[in-house]
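Participant:
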Amino acid sequence: MSVTNILFGNSPPNAETDDHPRTGIIDIGSNSIRLVVYQGPPRLPAIRFNEKVLAGLGRGLAATGAIEKSALKTARVALARFAAVAKEMECSTLRTVATAAVRDAKNGGELIAAAEQLGLTVETLSGEQEASAAGYGVLSAIPEADGIVGDLGGGSLELVRVRRGKIEDRVSFPLGVLRIGPIRAKRGKVLARYVARLVREAGWTAKGQGLPLYLVGGSWRALARLDMELSDYPLPIIHQYSMTAATITRLSRTIPQLSKPRLKAIPGLSSGRTATLADAAALLGVLMRQLGSRTTIVSAYGLREGLLYEDLKSADRTLDPLIVAAREEGRLLGRFPEHGDLLDRWIAPLFTTEP
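Numbered according to numbering that gives the first Met the number 0, the sequence shown terminates at residue 354, and the numbering increases by one at each position without gaps.
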C-alpha cells in the first residue's frame with residue numbers, strides 16, 4: 000500500500016458533520032468529577048464536551064474514613080448536571096466510573112445510590128482496574144511507550160509497566176495527592192520513608208531504572224504547566240512535555256516562593272490545583288528516586304481514554320492514531336473526498352519501493 004493510499008485510499012463519503020455516535024464518560028474521582036463526551040473514529044475520538052467539578056471527595060478521607068457531607072452535596076449536584084447534559088447531547092453510551100474515594104469511603108454507597116436515582120449505573124473500579132485503564136490511556140496516545148505510567152489521583156497512585164503496546168505489571172498505592180499533605184506535615188523524611196516502604200513491599204524498587212515515567216493526572220499536568228510557564232516554553236502543548244529529575248527538584252523549591260496571584264495568572268493552571276502543587280512535586284521527586292527514573296513524559300490521555308481503548312478490537316488498537324486523525328479530518332473537511340483515490344493512482348508509481 001502506498002503512502003497516499005494510507006491517507007486517502009478508500010475515502011468515505013463526504014460529511015459536513017460528524018455522524019459518529021457520541022460516547023460519554025462520567026469519572027468520579029477523589030479530587031474531581033468530570034464528564035467528557037467523545038465523538039469520532041473509535042481509535043481516536045475527538046472531545047466534544049469536557050467539564051469538571053472539584054468536589055474533593057477524598058479530602059479528609061484518610062482521617063475519618065468517610066466522604067465529607069459538603070463534598071457529597073457537591074457531587075450530587077454535579078452528577079445531576081452531567082446526567083442532564085449527556086441526555087441533551089444524545090450520548091448513545093454513557094459510562095459512569097468511580098475510583099479511590101468511593102472505593103475506600105465507608106459512606107461511598109451513599110453517592111452510588113444518589114447516582115442511581117439519576118439513572119446512572121456506577122462502576123466502582125478496583126485499584127488494578129484503575130491502573131490498567133491509565134496504562135492503556137497512555138498506550139492509546141503513545142503506542143511506542145516503554146516505561147512506567149504513574150497516575151496520580153486525589154486518593155491513590157497507580158503504577159503500570161508498559162512495553163510493546165502491552166501492560167506487563169501494575170500496582171495501586173494509597174498515595175493520592177489529597178493524602179500527601181498530612182504526611183508531609185509531620186516534617187522530616189516521613190513521606191520519603193513511607194513511599195520507599197510501599198514501593199519496596201510491592202517489589203517496584205528500581206523498576207524504572209533507565210526508563211521514563213509517564214505522568215497521568217491533573218496534579219502532575221498542573222506541575223508541567225507551571226514548568227512550561229517558568230521556562231518560557233514556546234508551545235502551549237502539554238502532551239509529551241518532558242521534565243527531568245533535576246527539574247522536579249527545582250520546582251519543589253520554587254513552588255513555596257510563588258504567590259497565589261502569580262500562580263493564578265498561569266494559563267491553563269486550574270486554581271483548584273494550586274493548593275496541592277507542592278505535594279504533587281514532593282511525591283514525584285520521591286517516587287522518581289525509588290523507581291530509578293530520571294525523566295518524565297506527560298500524557299494528556301489517561302483513565303477515560305484507556306477505558307475506551309480497552310473496548311477496542313485488537314485490529315483497531317494497532318491503528319496509528321495520527322493517521323486515523325488525519326483521515327477523519329479529511330473526511331470532515333474535504334469537499335471532494337473521492338479525489339484521494341485519484342491522487343493515489345496518479346502518485347503511486349513514485350513509491351513503488353514502499354511497503
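All residues carry an ideal CB built from backbone N, CA and C; glycine is no exception.
Can you find the residues in the same chain that come closer than 6 Å, C-beta to C-beta, to A65, ignoring five residues on each side of it along the sequence?
Facilitator: Within the sequence shown, numbered from 1, the residue matching residue 65 stands at position 66. Result list for A65: A104, K105 and N106, in chain order.
Participant: Assign A264 to one of two classes, buried (16 or more other C-beta atoms within 10 Å of its C-beta) or exposed (fewer than that).
Facilitator: As a working note, residue 264 is residue 265 in the sequence shown. With fewer than 16 Cβ atoms within 10 Å of its Cβ, A264 is classed as exposed.
Participant: Quick one: measure Cβ to Cβ for I111 and V101, integer angstroms, because I've assumed they're closer than 8 Å.
Facilitator: For the purposes of this step, residue 111 is taken as the residue at position 112 of the sequence shown. For the purposes of this step, residue 101 is taken as the residue at position 102 of the sequence shown. At roughly 7 Å, the Cβ-Cβ gap stays under 8 Å, so I111 and V101 are in contact.
Participant: Just the C-alpha distance for T22 and S29, rounded to the nearest angstrom, thanks.
Facilitator: On the sequence shown, position 23 is the one that residue 22 refers to. On the sequence shown, position 30 is the one that residue 29 refers to. Approximately 23 Å between the Cα atoms of the pair.
Participant: Does the beta-carbon of G267 have 16 or more other beta-carbons within 10 angstroms, so that it is buried, or is it exposed?
Facilitator: Position 268 of the sequence shown, counted from the first residue, corresponds to residue 267. Per the 10 Å Cβ criterion, exposed.
Participant: Using the C-alpha atoms, what's the distance from Q38 back to F350?
Facilitator: Reading the sequence shown from its first residue, position 351 is the one you call residue 350. Reading the sequence shown from its first residue, position 39 is the one you call residue 38. C-alpha separation (whole angstroms): 34 Å.
Participant: With distances taken Cα to Cα, identify the nearest neighbour of L214 among A140, K165 and V76.
Facilitator: Here residue 214 refers to the residue found at position 215 when the sequence shown is read from its first residue. Taking each of A140, K165 and V76 in turn and checking the Cα distance to L214, the smallest one comes out for A140.
Participant: Residues in its own chain within less than 6 Å of A201 by CB, not counting five upstream and five downstream?
Facilitator: Within the sequence shown, the letter at position 202 stands for residue 201. For A201, where only same-chain residues beyond five positions count, the Cβ hits under 6 Å are V170.
Participant: Our contact map puts G207 next to G136 with C-beta atoms below 8 Å; I'd like the distance itself, whole angstroms only.
Facilitator: By one-based count along the sequence shown, residue 207 stands at place 208. By one-based count along the sequence shown, residue 136 stands at place 137. G207 to G136, Cβ: 18 Å. No contact.
Participant: As an exercise, report each continuous alpha helix (DSSP H) stretch of at least 4 residues that is fully enclosed by the region 152-214, in chain order.
Facilitator: Whole alpha helix (DSSP H) segments, 4+ residues: 176-183 and 189-200.
Participant: With DSSP run on the structure shown, which of helix, strand or coil describes E353?
Facilitator: Position 354 of the sequence shown holds residue 353. Coil at E353, not helix or strand.
Participant: How is L34 classed by DSSP in three states: helix, strand or coil?
Facilitator: The count along the sequence shown starts at 1 and reaches residue 34 at position 35. Reduced to three states, the DSSP call for L34 is strand.
Participant: Just to confirm before moving on: does the CB-CB distance between A132 and L306 stay below 8 Å?
Facilitator: Taking the sequence shown and counting its residues from 1, the one referred to as residue 132 is at position 133. Taking the sequence shown and counting its residues from 1, the one referred to as residue 306 is at position 307. Yes.
Participant: Using only the alpha-carbon positions, how far apart do T253 and A191 sit?
Facilitator: The count along the sequence shown starts at 1 and reaches residue 253 at position 254. The count along the sequence shown starts at 1 and reaches residue 191 at position 192. Answer to the nearest angstrom: the Cα atoms are 19 Å apart.
Participant: Return the residue from the list S269, A54, L197 and H19 that minimises the CA-CA distance to G153.
Facilitator: If you number the sequence shown from 1, residue 153 lands on position 154. Comparing Cα-Cα distances from G153 to each of S269, A54, L197 and H19, the minimum goes to A54.
Participant: According to DSSP, simplified to helix, strand and coil, what is T120?
Facilitator: To locate residue 120, count along the sequence shown from 1; it is residue 121. T120 falls in the coil class under three-state DSSP.
Participant: Quick one: what does DSSP say I346 is sitting in, helix, strand or coil?
Facilitator: If you number the sequence shown from 1, residue 346 lands on position 347. DSSP places I346 in helix when its eight states are reduced to three.
Participant: If the criterion is Cβ atoms closer than 8 Å, does the pair L71 and E109 meet it?
Facilitator: Taking the first residue of the sequence shown as 1, we reach residue 71 at position 72. Taking the first residue of the sequence shown as 1, we reach residue 109 at position 110. Yes, they are a contact pair.
Participant: What are the partner residues of D26, as DSSP defines its beta bridges?
Facilitator: Taking the first residue of the sequence shown as 1, we reach residue 26 at position 27. According to DSSP, which records beta bridges pairwise, D26 is partnered with R33 and V96.
Participant: With DSSP as the reference, label T73 as helix, strand or coil.
Facilitator: Taking the first residue of the sequence shown as position 1, residue 73 is located at position 74. Reduced to three states, the DSSP call for T73 is helix.
Participant: D340 by DSSP, collapsed to three states: which one?
Facilitator: What you label residue 340 is simply residue 341 of the sequence shown in a count that begins at 1. The answer is helix: DSSP assigns D340 an H, G or I state.
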